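Enquirer: Okay, here's the structure, questions in a sec.
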Amino acid sequence: MAVMVPASSLYVSEPPPHLFGNAGNEKKATWTNGNWLKSRFHFSFAEYSDSKRSGFGVLRVMNDDLVQPARGFGTHPHRNMEIVTYIVSGQLTHKDSMGTEETLGRGSVQFMTAGTGVRHSEFNHDPEKPLRFVQMWLMPNRSGLKPNYGGREPGAPTERDGRWAHLAMPVSSKCSPDKPVPINCDANIYAAEIQPGKGLEFQVEAGRQAYVLCVEGSARVGGLGGGKLVRHDGMQVVGPGVLSFTDAKPVGSTEIRDPEPGCHLLVVEMSQR
1223 MAVMVPASSL YVSEPPPHLF GNAGNEKKAT WTNGNWLKSR FHFSFAEYSD
1273 SKRSGFGVLR VMNDDLVQPA RGFGTHPHRN MEIVTYIVSG QLTHKDSMGT
1323 EETLGRGSVQ FMTAGTGVRH SEFNHDPEKP LRFVQMWLMP NRSGLKPNYG
1373 GREPGAPTER DGRWAHLAMP VSSKCSPDKP VPINCDANIY AAEIQPGKGL
1423 EFQVEAGRQA YVLCVEGSAR VGGLGGGKLV RHDGMQVVGP GVLSFTDAKP
1473 VGSTEIRDPE PGCHLLVVEM SQR
């Protein structure tokens, strides 16, 4: 079974800059949005509350954030949550109360076990280029874990090209550039880029479910009801079943300079709840 979550149905949040310690908005050619932040909430978050969109399995939050140049989220706390951030474009700088500071770019993953409590900031220090990332909060297997942070850069420049790059998996191995990051819940995160004229399948086993996000471009979906995904669309999938993705006609938007060929997908696969 598959249920489409169109981008038009998502709550869009554009909070005033002072709430996160930012300077006022600027009218510059390098800005792709009038407000410093444009965040699309796939589930209830902050000022948005909808009982029908309170999460999907262990996936509690999926926010698709567009941050303008020289802006970011000031230091704020987290507790008892697994937080995985997938960087779509630009450079994201993470700094936390554990003494970690790291800047990562496209295709990289930052992950954090908030556990007993941690404070961190997330910032786009580039003076000219916007930053886009997808942040996911997943409910941990248990509360009170020791806080932890890690980062993963793409194992190879082509790791997502026509195949599923395994970005995160349940804790079983140490984080390294060629292995998925470890998270404390029964979930896996994958990303893939499908080039024009190509296709790719994703299998959801019995007893499992998945949330699919169209990060860039557009795709036609076969299996489990089918349909079409465009940039920012989501899809809830309950197994068993096989999804097939093929690229669709390029789609442009006011936030990007040119239509995007092919398709860039992000999948959170998890046990059914």
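Just so we're on the same page, the working numbering is the position in the sequence shown counted from 1, plus 1222. For each residue, glycine too, the CB sits at the ideal point set by N, CA and C. The model shown is predicted, which means the values in this text are computed figures rather than measured ones.
Within a Cβ cutoff of 7 angstroms, which residues of the same chain sit near ALA1428, ignoring the five residues on either side of it in sequence?
Expert: For ALA1428, where only same-chain residues beyond five positions count, the Cβ hits under 7 angstroms are GLY1461 and PRO1462.
Enquirer: Reducing DSSP to helix, strand and coil, say where PHE1274 ends up.
Expert: The question names Phe, but residue 1274 in the sequence shown is Lys. The answer is helix: DSSP assigns LYS1274 an H, G or I state.
Enquirer: On the DSSP bridge assignment, give the partners of HIS1486 in chain order.
Expert: Answer is GLU1415 and GLU1438, bridged to HIS1486.
Enquirer: At which residue ranges does the segment 1437 to 1471 contain complete beta strand (DSSP E) runs of 3 or more residues, listed in the order of the chain?
Expert: DSSP runs (the beta strand (DSSP E)) wholly in the segment 1437 to 1471: 1449 to 1452, 1456 to 1460 and 1463 to 1469.
Enquirer: Name the residue from ASP1286, VAL1227, ALA1251 and MET1226 whose alpha carbon lies nearest to the alpha carbon of VAL1234.
Expert: Checked all of ASP1286, VAL1227, ALA1251 and MET1226; the closest Cα to VAL1234 is ASP1286.
Enquirer: May I ask you to check if the CB of GLU1323 is nearer than 6 angstroms to at least one heavy atom of the ligand ADP?
Expert: Looking for the ligand ADP in the displayed structure turns up nothing, as the structure carries no ligands at all.
Enquirer: Kindly indicate the opening and closing residues of the beta strand (DSSP E) around VAL1289.
Expert: Run containing VAL1289: 1281 to 1289, per the beta strand (DSSP E) assignment.
Enquirer: Going by beta carbon distance, what residues of the same chain come within less than 6 angstroms of VAL1434, once the five residues before and after it are set aside?
Expert: Contacts found: MET1457 and VAL1489.
Enquirer: Around the C-beta of MET1284, are 16 or more other C-beta atoms found within 10 angstroms, so that it is buried, or is it exposed?
Expert: MET1284 should be labelled buried.
Enquirer: For GLU1323, does the count of other Cβ atoms within 10 angstroms reach 16, so buried, or fall short, so exposed?
Expert: Exposed, by the Cβ-count rule.
Enquirer: Give the straight-line distance between the Cα atoms of GLN1357 and PHE1263, rounded to the nearest whole angstrom.
Expert: One C-alpha to the other measures close to 10 angstroms.
Enquirer: Roughly how many angstroms lie between the CA atoms of GLN1425 and GLN1431, to the nearest whole one?
Expert: Roughly 10 angstroms separates the two Cα atoms.
Enquirer: Look at the alpha carbon of VAL1459 and the alpha carbon of ALA1470, and state the distance between them as a whole number of angstroms.
Expert: If you take the alpha carbons of VAL1459 and ALA1470, they lie about 20 angstroms apart.
Enquirer: Exposed or buried, GLN1494, counting other C-beta atoms within 10 Å across all chains shown (16 or more means buried)?
Expert: It counts as exposed.
Enquirer: Excluding the 5 residues preceding and the 5 following ALA1292 in the sequence, name in chain order all residues of the same chain whose CB lies nearer than 6 angstroms to its CB.
Expert: For ALA1292, where only same-chain residues beyond five positions count, the Cβ hits under 6 angstroms are PRO1349.
Enquirer: Residues in the same chain with beta-carbon distance under 6 angstroms from GLN1303, minus the five sequence neighbours each way, listed in chain order, please.
Expert: Note that residue 1303 corresponds to Met in the displayed sequence, not to Gln. Correct list, in chain order: ALA1336 and TRP1359.
Enquirer: Quickly, what does DSSP pair LEU1324 with across the bridge? List them, please.
Expert: According to the sequence displayed, residue 1324 carries Glu and not Leu. BP columns for GLU1324 point to HIS1316.
Enquirer: So, LEU1353 versus GLY1312, is the Cβ gap smaller than 7 angstroms?
Expert: A contact, by the Cβ cut-off of 7 angstroms.
Enquirer: Based on Cα-Cα distance, which residue from PHE1333, LEU1241, THR1252 and GLY1256 lies nearest to GLU1269?
Expert: Closest option to GLU1269, Cα to Cα, is LEU1241.
Enquirer: Nearest-angstrom Cα distance between THR1468 and GLY1321?
Expert: Whole-angstrom Cα-Cα distance: 43 angstroms.
Enquirer: Can you give me the Cβ contacts of PHE1355 inside the same chain, cut-off strictly under 7 angstroms, excluding the 5 residues immediately before and after it?
Expert: Answer for PHE1355: ASP1287, THR1307, TYR1308, ILE1309, VAL1310 and LEU1314, listed in chain order.
Enquirer: With a cut-off of 8 angstroms on the beta carbons, I'd call ASP1383 and GLU1415 a contact; round off their distance for me.
Expert: Yes, they are in contact, since the Cβ atoms of ASP1383 and GLU1415 sit about 6 angstroms apart, within 8 angstroms.
Enquirer: What residue from SER1466, VAL1452 and VAL1464 has the CA that sits closest to CYS1485's CA?
Expert: Ranking the options by Cα distance to CYS1485, first place goes to VAL1452.
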